[in-house]
Structure formats: structure tokens, C-alpha cells
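Numbering (the working numbering), first residue to last: 40 to 99. Report on the structure given below.
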């Protein structure tokens with residue numbers, strides 16, 4: 040925990056980009072999800088993962 044405190048000590052601002060406005064991280068998250076799911080024995084390809092889980096809104 041002290042390493043985290045050292046790292047954060049000099050920060051003035053932290054920006055959370057949860058919807059991809061600044062950086063499109065969906066492909067990175069999809070690759071990570073595919074990697075983790077394959078490790079659990081669930082075979083899903085990257086394109087299917089992107090189609091199923093990303094780019095959706097919470098409105099009807």
C-alpha cells in the first residue's frame with residue numbers, strides 16, 4: 040500500500056474515462072475478457088465478445 044501512496048502523492052488530478060470519450064478502451068477490455076474467459080474454459084472469439092458486451096447503452 041505504501042507504493043500506491045507514493046505514486047499518488049504527487050497527483051493533482053485523476054480523470055476517469057468510463058465511456059470511451061477520451062480513449063477507446065473497449066477493444067482492450069474485450070481482449071482481456073476473451074483471455075480470462077478462455078482460462079475458465081469458455082471459448083469466445085474477440086468479435087463475438089465485442090458484439091455481445093460492448094457498445095450498448097443503458098436506455099431502451
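Backbone N, C-alpha and C fix where the C-beta goes; we use that ideal spot for every residue, glycine too.
- Under the three-state reduction of DSSP output, residue 60 falls in the coil class, being neither helix nor strand.
- Going by C-alpha positions, residue 62 is about 7 Å away from residue 56.
- Rounded to the nearest angstrom, the Cβ distance from residue 70 to residue 85 is 6 Å, consistent with a contact under 8 Å.
- Residue 75: member of the alpha helix (DSSP H) spanning 65-78, first to last residue.
- Straight-line spacing of the CA atoms in residue 77 and residue 59 works out to 25 Å.
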